[in-house]
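Contents: one structure, followed by commentary.
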Amino acid sequence: MTKEQIEERKEAIKATVTVPDILSRYGVRIKRGRCKAICHDGKNYTAKVSDELYYCFKCSRSMDIFDIEMHFNNCDFRTAFELLGGTEKPSFSAARKAKLAKKERQARINKQKEIDHELRQIRMYIDAYRNIIADEVPLSDLWCYCQNKLQYQLYLLDYYMERGDYPAGT
24 MTKEQIEERK EAIKATVTVP DILSRYGVRI KRGRCKAICH DGKNYTAKVS
74 DELYYCFKCS RSMDIFDIEM HFNNCDFRTA FELLGGTEKP SFSAARKAKL
124 AKKERQARIN KQKEIDHELR QIRMYIDAYR NIIADEVPLS DLWCYCQNKL
174 QYQLYLLDYY MERGDYPAGT
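To convert, take the position in the sequence shown, counting from 1, and add 23; that gives my numbering.
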């Protein structure tokens, strides 16, 4: 297999096999998108599980299906790739699923970029309104206008934070 074929097959496998599938194979219980940490035998549900990724909040380690397979079987990527069905040619439906998964992933990335841009603008407006409020005479027309706009921008920021769209570390 060429490198390009391996990448295509890897995407096809990722489209058909999910992280919860792999974890359930090894007896890991998932409750509401969380599980006990597999990388350091955690006792609490400190790891988040989605269809594409496993993320441990305790050690900040993220894994995809191949990393999880390598972890449980103590093997290299090639062996994990073969264990997940990487040697056979992908079927038409698997190739279609891989293409759809790639489109969905790109759509999520684009959506996150839009949200990040909106959040940068909100933070910029908040800073600007706070600076104007600090410099203006209280209760002047401009001061009142900026107070109102500041409250709206803080509301928007709170809205994004509640939705979970606020980027980590900002």
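Positions of the beta carbon are idealized from the N, C-alpha and C atoms, including for glycine.
{"query": "With DSSP collapsed to three states, give me the class of residue 85.", "result": "strand"}
{"query": "Cα separation between residue 143 and residue 106?", "result": "44 Å"}
{"query": "By a C-beta neighbour count over all protein chains shown, 10 Å radius and 16 as the cutoff for buried, is residue 37 buried or exposed?", "result": "buried"}
{"query": "Thinking residue 73 and residue 56 are a contact (beta carbons under 8 Å), I'd like their distance in whole angstroms, please.", "result": "7 Å"}
{"query": "In or out: residue 34 buried (at least 16 other Cβ within 10 Å) or exposed?", "result": "buried"}
{"query": "Give the single residue among 44, 184 and 145 whose Cα lies nearest to the Cα of residue 172.", "result": "145"}
{"query": "Identify whether residue 72 lies in helix, strand or coil by the three-state DSSP scheme.", "result": "strand"}
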